[in-house]
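Working notes for the structure below.
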Amino acid sequence: MKKVLSLFGIGWLLGSTVVAQNIQFTEYDLKNGLHVILHEDHSTPIVAVTVLYHVGSKNEVPGRTGMAHFFEHLLFEGSDNIGRGEYAKYVENAGGGLNANTSQDRTFYYDLLPSNQLELGLWLESERMMHAKVEKEGIETQREVVKEEKRQRYDNQPYGNLFPETLKHAYKNHPYAWAPIGSLEDLNAAKDQDFVDFYHTYYVPNNAVLSIAGDFKPEEAKKLIEQYFGEIQKGKDIKRPTIIEPTNTGEVKDVIKVKDQLPLMVQAYHIPAQGTKEFYAIDMLNTLLSNGESSRLNKTVVNEKELALFCGAFTFNLEDPGLTLSYSVANMGVDIKELEAAVNAEFDRLKNEPISDNEFQKLRNQIESDFITRNSSMAGIAESLANYHTYFGDTNLINTEINRYMAVTKEEMMAAAKKYYIPENRVTLYFEHDPSLLKQ
Amino acid sequence: MKKYIIPILLLCLSTTLIWSQKVDRSKAPKAGPAPKIQIGSYQLFTLENGLKVIVVENHKLPTVSYSLQLEIDPIKEGEKAGSVSAAGELMTAGTTTRSKDEISNAVDFIGAQLSSGSEGIYASSLTKHSETILELMSDVLLHPSYPEAEIEKSRKKILSGLVSEKTDPNSISSKIGNLVKYGKNHPYGEMMTEETVNNYKRDDLVNYYNTYFKPNVSYLIIVGDITVDKAKAQAQKYFGSWAQGAVPKMKFRAPKAPAGNEVVFVPVPGAVQSVIDITYAIDLVPATNEALHASVLNNILGGSGFQTRLMQNLREDKAYTYGAYSEITPDDYIGYFSAGASVRNEVTDSSVTELLYEMRKLTTEKVDDATLQIVKNIMTGQFARSLERPQTVARFAKNIEKYALPKNFYETYLERLNAVTADDILKIAQRLLLPQNAYITIVGNKETLEKVISFDADKKPMVYNPDGTVFVDMKPIPEGVTATTVLNNYIKACGGEEKLGKIKTMTQKGMIDAGMAQLDMQVDMASGKSLKMTLSMNGAPFMTQLFYDNKLTISQMGQKMEGDEQDILQAKIQCDPLAELHFDQFGLKASLKGIEKINGADAYNMEVIYPNGDITTDYYDVSNGLKIKSISVKKDGEKSVTSETNYVEYMDVEGMKFAKKIKQSGGGQDATIITNSIEINPKFKKNHFE
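As given, the protein sequences belong to chains A and B, one line each in that order.
Reminder that position 170 of the first sequence reads as 170 in my numbering, one-by-one numbering, no gaps.
Reminder that position 213 of the second sequence reads as 1213 in my numbering, one-by-one numbering, no gaps.
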């Protein structure tokens, strides 16, 4: 009897668990503190060599915003052994691709190479970490390029100031108050020595993760990694911002005048830091609100009431407490107040009305599907591994984070909604058309 | 003691070990032996209804995707632009057995994706849900119901979307680029506007679906965690019953590049950058050797990466932009060239110069071997990396089938790439890079227009509004000026209410020069009552137009015709020397739009709407109050006919002003009307107008 029972038990367990994810990896530290993660996969003869530096715009100070992102540009300029502008040459001539990006919390460089060029990638990245050249000519050129990047990606885009304005209103103390692109004035004001100091403070092995995924033999790679990165000097311990942004300080409301014709509403709620139990509950609430055509905001605000061209709420997850960003673009002729009321009604429902079993199951299925399809490329896997190590100290979450979502109950979701989705904890911004901005 | 010695020794050893292996950092490490690039395999089979199915197995992730792709000619939508995309998108908005909500609930419940467009449907899900998503996909494909309510909802969103695009420089750039390079008579050049979106009806969408969604013109591409046997069974089960049908073929005249460079400017108020796009249509067939050469050429010029000439010149050297790129895109019908960048306003003209310079250089100078080799390396790498995605193999399979390529076409791709020579590049550059026959589209701040005029071959740039209509530069109206004051001023300028009011009858004599024919003209008028216009050729009467007793009769060569209400209204207005003071009586609505430059003079732009909806725009000279131009648009069934009248010269008669020389054009005809004499208050015979 007992045997049968336990078999049933196992069967039930299997039925309820999600498709297992199994991305194998090894990880270790070099003496200088560089953390190394290796994922071996021979299905395509390519290798992704990536380095994550744990520095982003939150490490900047007011008056020098945009520094981390600007650095990302500078570090393609060259090193003691790599001539100006030759980074790209080496990678592209080898048949590879390269780029980098900067967030609030980290700067990420990647080289996607044919697998026989692993060593090239290691050489380039170690040069960048060891003795990058931070020189006047490069600084001046990239300063202009970054200004054009800001114009192109923010100022000349529809509702281009949405993100910077939202951050500015949501954070009064924390350096999340500005976007990684920073301000043009600050970039102009920065001295060459500021750049040199920034490099020596943050671009050190003990502040970096080297994550490699693809077609290579880990034993060979380990030897090469030691050769190229082992001699790089460990840096000082990194001071990280400890500022805690106060929450529930009362609703912040503002109207921003824009060129765009349709009114847009943004609401930003403060949420807990990623990785906390409450964070997962919040992320699931946002999935419920916005993921798919049948999600609540889509169904009611967009399709039934026809108030918005677009309406969604998304988790803006950050290392320190981030935001839920909800934004809606009003349909032509719709009163933004009516739109706001409809969106608020959906947030209120989360607090007052239990989720049906069916909807809860849908939510879990969506999260499962998203989690499984997330890691489809070598570059993506290398980045995820580095992120999990950096932010959570648990690289294996690439396989197991799904369990944290699956552990969230309907009751916990409602509790999180009641705690965080309240007016005192949010910013509400209207982006309204101002014809005077359309003067030539 | 010994205990301690060993670790120290070891430590020494290990440092020496590392030291002895210290790498030479001064130069790039050598590459290992090149890995073999292998293209995954696929299966292709055809269902009885003609549906071609391509299967690519890949079991890395437990997911599978189904992409149904129509291969049909582009559709000219005309007055209903937008209907084709709506027909596609709304397939998921309801079927004969499922509402839109039911479909989206079912799709979301399994965490799957399902979307439809005018040329296909895409679905993907975890493998374990594949039967469920296929059931939904096939329902959407075979039984869309196009509910009226959903059509209206979608229309509303599309209209809102159009409004928001009006201020987005990038979307304007792409729409205007298409309009100019393909022309509005080609399907690729059609532009969706508020009007066209309001024009289509449910029947149009249903017709599109019924005509074009047929298995015999479609591919079903299945990629992922599935076996070929299973894929076959699924294709048969869910798409086997889909009925065949003849699908119409279309032919369009291929657009050509312009004879000389044509600057196309769209002013966007407040723009902080110019979005530059140098573009034109090209004839380039996909999957040919020429297309390969063009692709190498494009990678030298501005394809991707940081080393292209455009990137090096405009970004790394001059810092004009965040990125400068080019595209040379082959197409089954008509391809295009495009090169451009978003640059700050001040360097707009310099950037155009550099873009054209780099194009020209490739047509005059052979590319050096080193550059060519680098680009080949880049393309080899791109090719290898693209194989990481199983969808790439599926795309290759479809091309092999569609263009009847050799089975090993992609296996030999790298060989063919390596065989490309500098001469090949020069030859293709000379055919496809046209730095003197390009549309140079610039979306940006109006102030930059002046600086780019010099790039235009005839120095007459086309200036458009974001919606593709011709841009009119207007200054604001000074305070206190209204349509009424402008009309009053006009009457004053013509001699004043008192003098004009005293005109009871009038005879005007002159001639009409219509190029081929010259006619003598006489117009007799009795204020508020009658009008008679006689045209004669060499003394013989040619046409008479008579307004009398509220009736308008036109006699020409023995034929008689009655004028309609609009003609009668026009005649009444002509019979009133003070008509401009009596707009209310005539049911005309006038509104002042702004001040525009007309033939070098500032003029008020006044829109006049007639009771039947016809619109006339009249221009009054700001300095002297006289009417200088009039543009009228008449609806003629589906079409609208525009005619233009220019008041070139006025003459003085007893302290009053009358038009002496008028130039008219419209409907392909030009005419000049010259008045030689005007007699005020002549005496007519009693029955003169009868």
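Think of the CB as a built atom: it goes at the ideal place given N, C-alpha and C, for glycine as much as any other residue.
Against chain B, the beta carbon of M413/A has no neighbour under 7 Å; the closest one sits roughly 17 Å away. For Q1522/B, the beta-bridge partners assigned by DSSP are K1509/B, T1534/B. Within the same chain, I1054, Y1219, I1221 come within 7 Å of K1398/B by CB-CB distance, once the 5 residues on both sides are set aside.
No residue range can be given for E1654/B, since it is assigned to no alpha helix (DSSP H) and is classified by DSSP as neither H nor E.
Judged by beta-carbon spacing, Y1042/B lies within the 8 Å limit of A1394/B, meaning their Cβ atoms are closer than that value.
If only complete runs of 4 or more residues are kept, the region 217 to 295 of chain A shows the alpha helix (DSSP H) at 218 to 229, 277 to 290, in order along the chain. In this structure the region 1336 to 1352 of chain B does not touch the region 159 to 178 of chain A; the number of beta carbon pairs closer than 8 Å is below three.
Taking the Cβ atoms as the reference, L187/A lies roughly 26 Å from V266/A, outside the contact range of under 8 Å.
Taking CB atoms only, L1126/B has a neighbour in chain A less than 8 Å away. At a beta-carbon threshold of 8 Å, the residues of chain A lying near Q1273/B are E148, R151, Q152, D155, N156, ordered along the chain. Not a single CB atom of chain A sits nearer than 8 Å to the CB of K1529/B. Taking a C-beta distance under 8 Å as the contact criterion, N81/A and I1374/B do not qualify as a contact pair. V343/A has a beta carbon lying at 8 Å or more from every beta carbon in chain B.
Q24/A has a beta carbon lying at 8 Å or more from every beta carbon in chain B. Here the C-alpha atom of R151/A lies approximately 12 Å from the C-alpha atom of G1323/B. In the structure shown, the three-state DSSP call for P1144/B is strand.
For K1036/B, the three-state secondary structure derived from DSSP is coil. Residue nearest to E359/A within the set F1109/B, N1408/B, S1623/B, N1624/B is F1109/B (criterion: CA-CA distance).
Under the 8 Å criterion on CB atoms, D1101/B is classed as interfacial with respect to chain A. Remark: C-beta atoms of L1205/B and L1068/B do not approach each other more closely than 8 Å. For Y90/A, the enclosing alpha helix (DSSP H) begins and ends at 86 to 93. Note that the region 1420 to 1440 of chain B does not touch the region 1129 to 1149 of chain B; fewer than 3 beta-carbon pairs, one per stretch, sit closer than 8 Å. In this structure, DSSP gives I1075/B a state outside helix and strand, which the three-state scheme calls coil. Between V47/A and the set K257/A, Y110/A, A330/A, the nearest pair of CA atoms involves Y110/A. Per the coordinates, the alpha-carbon of Q1236/B lies some 11 Å from the alpha-carbon of D1229/B. Between V51/A and chain B, the shortest Cβ-Cβ separation is not below 8 Å.
Taking 8 Å as the upper bound for CB-CB distance, D1277/B and G1335/B are not in contact here, some 15 Å apart.
A residue is called buried once 16 or more other Cβ atoms fall within 10 Å of its Cβ, and G97/A is buried on that count.
H1059/B sits in coil when the DSSP states are folded into three classes, being neither helix nor strand.
Within chain B, the residues placing a beta-carbon under 8 Å from that of Y90/A are A1028, ordered along the chain. The CB of G66/A never comes closer than 7 Å to any CB in chain B; the least such distance is about 14 Å. Remark: fewer than three beta-carbon pairs, one from each stretch, lie closer than 8 Å, so the region 1154 to 1165 of chain B and the region 1438 to 1454 of chain B are not flagged as touching.
Exposure of S436/A is indicated by the presence of fewer than 16 other C-beta atoms within 10 angstroms of its C-beta. Legend: CB atoms of the region 1636 to 1663 of chain B lying less than 7 Å from CB atoms of chain A are not found in any residue. Here L1051/B carries a coil assignment [DSSP, helix/strand/coil].
By the C-beta density criterion, Q1518/B is exposed, having fewer than 16 other C-beta atoms within 10 angstroms.
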